[in-house]
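In what follows, a single structure is set out as structure tokens and then discussed.
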Amino acid sequence: MFTPGNVLSWATFFPVIGSALIVVLLAAKFFLRLDKKLVDDGSRWIALVTSALSFAAAIAAWRMYDPSATGVQLVQHFTWIRAFNIEFYFGVDGISISMVLLSGLISFIATIASMPWWSGKKDAEMAGMVDDGHEDPHHPKHFSVRMVPGYMAMLLLLQTGMMGTFVALDMFLFYVFWEIMLLPMYFLIGIWGGPRKEYAAIKFFLYTLAGSVLMLLAIIGIYYNSAPAQLADGSWSSGHTFNLIELAKQGAAGQFRNAAPILGFSFAKIVFIGLFIGFAIKIPMFPFHTWLPDAHVEAPTPISVILAGVLLKMGIYGILRFNYGILPDATAWAAGAIAVFGVINIIYAAFVCLAQKDLKKLIAYSSVSHMGFSLLGMAAMTPQGISGAVLNLFTHGIISPMLFLIVGVIYDRAHHREIEKFGGLAQELPEYSAIMGLAFFASLGLPGLAGFISEFTVFSGAFPVFTTYTIISATSVVLTAAYYLWAIHRMFLGKLNPVYKGYPDLNWRERMSLYPLAVICIYLGFYPQAILGVINPALHALIQNIKPL
27 MFTPGNVLSW ATFFPVIGSA LIVVLLAAKF FLRLDKKLVD DGSRWIALVT SALSFAAAIA
87 AWRMYDPSAT GVQLVQHFTW IRAFNIEFYF GVDGISISMV LLSGLISFIA TIASMPWWSG
147 KKDAEMAGMV DDGHEDPHHP KHFSVRMVPG YMAMLLLLQT GMMGTFVALD MFLFYVFWEI
207 MLLPMYFLIG IWGGPRKEYA AIKFFLYTLA GSVLMLLAII GIYYNSAPAQ LADGSWSSGH
267 TFNLIELAKQ GAAGQFRNAA PILGFSFAKI VFIGLFIGFA IKIPMFPFHT WLPDAHVEAP
327 TPISVILAGV LLKMGIYGIL RFNYGILPDA TAWAAGAIAV FGVINIIYAA FVCLAQKDLK
387 KLIAYSSVSH MGFSLLGMAA MTPQGISGAV LNLFTHGIIS PMLFLIVGVI YDRAHHREIE
447 KFGGLAQELP EYSAIMGLAF FASLGLPGLA GFISEFTVFS GAFPVFTTYT IISATSVVLT
507 AAYYLWAIHR MFLGKLNPVY KGYPDLNWRE RMSLYPLAVI CIYLGFYPQA ILGVINPALH
567 ALIQNIKPL
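Mapping of the sequence shown onto the working numbering: residues 27 to 575, in sequence order.
Spelled out as structure tokens, the structure:
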């Protein structure tokens, strides 16, 4: 079924096929008057199966990829819109194949977490997952039983947008998939989110849209300053190209070095800044980070899982693919500023975490801090630094979904996330306490778990270039330990709060979501070469092209 020429298309389009099937099922409900439960369960099964198939295709792509070969692999390439030299161009290198695997895994985990099944009767009743056909505005139903077909269709459309962004090698196609993600996220937060869902959804939409406008202008600027390139059909483009691989070659050869200035400033520098801000909003980088805590706090748990596990990684990936790939001269010029922003992200967000009382907001700000490590590693432009930056994307993409799933577990039972209201939970929920301890220690960088090796690689790569910045950033390890240990002490140790007596421990749905991530977290802690061996060859080629402007 999967071949090197179609596996990326299957991984990308399986979810949107599922979304279309759900729309057909929803139409059948109205025209054929199908039972609501039948349509809801049908939508859930379609989402689960198509998400699983997409993940299977991602695994197949990972197995087909040859790290020892050079260039992009698993290519699907043909001319799409000839008038503008736009191509349908799918392919992966060592950087993107790791993100394809991560996207497939986290999407499937989020789909499992979206199901009310396998929860146990008591758990389902406590969470509000019992759909009796009545809606109390003061006690809303769990997101997993509200407007199920719409939720599942949006979730699958989001998965297609994410996967397509990582495999697209045409700037126009990349932008299409980037924008596809915007509307599903807006609706998933704005309809199925918490009490302040409208505010969080609008804030997310406006921030992301502003970044998209800057990206679009930069993409148009690059296109009109590019040289002709050969298209998939063998003909030559009439003047310009959107082909990312050809643009990277032109950038390395200095194509954009002498382009006409913009408002008196260097073309390469202005376009670099536009692209960088557009991607920095998605990371999110200080000072563009304020949308993230609101979005995380209000989003349903599976959407927080996708947001932290995959969407934040797209900002760093975009900078590597566009800024570093196409504008290597401007990248060398901006390296010091990128390092400064990375340090600010790391330290500022860690201090903010110390002041948080809401567990989900604490973890949201910790994501801001951890993405700063990738910025610092990238800025160093050393093999170890950029390797650590990309590895951090993968390891954080495993650890942060665990953390948000864990928050969802206790919220479904207690209906609040205030750290100081808990106490002694280890006595009543030992399995939950153990998995949360594992995730916390992985996030703070305990040796033997996934978070340690990525931070160590970033520090070792950045130290020779930005010694002072690296020393300052290393203090965040102490701050991270402080806010996580503070949370553990108040939530799990001490006397059990009688309110939580009789709370059920993890159910099978929660185990199916959490345990695979926990196993990967431990595995990568002992064998990070499974990822590093794939990404390093692609990174070496990227670094060689970067020269001072």
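Built from N, CA and C at the ideal position, the CB exists for glycine as well.
Beta-carbon proximity list for residue i, same chain, < 6 Å, skipping 5 on both sides
i, result
"I546", "I424"
"S469", "I425 and G477"
"T267", "N111, S252 and A255"
"P554", "I479"
"M538", "I138"
"F231", "Y212"
"F200", "A194"
Cross-strand partners of residue i (DSSP beta bridge)
i, result
"N562", "According to DSSP, N562 bridges with nothing at all."
"Y115", "H103"
"N269", "D196"
"E205", "BP columns for E205 are empty, so no partner."
"F291", "I288"
"E444", "D384"
Nonlocal neighbours in the same chain, by C-beta distance under 7 Å from residue i, ignoring five residues either side
i, result
"L52", "V65 and P175"
"V42", "L182, L183 and T186"
"G520", "G449 and G450"
"L60", "A54"
"A452", "S459, F518 and L519"
"L385", "V433, R443, I445 and A513"
"A544", "M428, I461 and L464"
Outcome for residue i when other beta-carbon atoms lying within 10 angstroms are tallied against a minimum of 16
i, result
"A556", "exposed"
"Q256", "exposed"
"M27", "exposed"
"G341", "buried"
"P319", "buried"
"H164", "Caution applies to H164, whose pLDDT of 49 falls short of 50 and renders its modelled position unreliable; the model cannot decide the point."
"F57", "exposed"
"N284", "exposed"
"P456", "exposed"
"I307", "buried"
"V484", "buried"
"F466", "buried"
8 Å CB neighbourhood of residue i in its chain, flanking five on each side removed
i, result
"P221", "E324"
"N32", "Q102"
"I561", "G120, I121, S124, S413, V416 and L417"
"A87", "F28, V33, L34, A37, L100, V118, I123, V126 and L127"
Reference residue i; option with closest CA among the options
i, options, result
"A78", "E446, H442 and T137", "T137"
"Y374", "V491, S133, P554 and S393", "S393"
"P328", "L431, T234 and V297", "L431"
"W106", "M141, T29, M197 and A139", "M197"
"L181", "R535, M207 and T496", "M207"
"K55", "G434, G68, I43 and R537", "G68"
"H515", "K447, E205 and F482", "K447"
"P576", "I479, I445, I135 and E454", "Residue coverage of the chain in this structure runs from 27 to 575, which leaves residue 576 outside it and unanswerable."
"F116", "M311, G97 and L128", "G97"
"T496", "P554, S539 and G411", "G411"
"A406", "T501, H566, V491 and F231", "V491"
"I303", "Y233, L199 and P326", "Y233"
"F40", "G130, S94 and P142", "G130"
"S35", "P287, I132 and V193", "V193"
"L127", "F489, V239 and K339", "K339"
"V336", "L532, I132 and Y177", "I132"
"Y250", "G237, S238, A236 and N269", "N269"
"P563", "A95, P30, K62 and I85", "A95"
"G551", "G471, I309, D531 and A513", "G471"
"S45", "W71, K63 and K62", "W71"
"Y177", "Y201, L401 and S140", "S140"
"T501", "L565, A358 and F399", "F399"
"H322", "E113, Y549, L388 and L558", "L388"
"P326", "K223, L289 and Y549", "K223"
Proximity test, residue i beta-carbon vs the ligand FAD heavy atom, cut-off 6 Å
i, result
"G362", "This structure does not include the ligand FAD; it has no bound ligands of any sort."
Residue-level contact to chain C via CB, residue i, 7 Å cutoff
i, result
"F482", "In summary, chain C is missing from the structure at hand, where a single protein chain is found."
Would you say the stretch 327-339 touches the stretch 451-471, given that touching needs at least three Cβ pairs under 8 Å?
no
Do three or more CB pairs link the stretch 364-378 to the stretch 503-514 at distances below 8 Å?
yes
Are three or more beta carbon pairs between the stretch 75-91 and the stretch 106-117 nearer than 8 Å?
no
With three or more beta-carbon pairs closer than 8 Å as the criterion, would you say the stretch 431-442 touches the stretch 520-534?
yes
Sufficient close CB pairs (3 or more, under 8 Å) joining the stretch 355-368 to the stretch 209-228:
no
For the pair the stretch 289-301 and the stretch 349-356, tell me if three or more CB-CB distances fall below 8 Å.
yes
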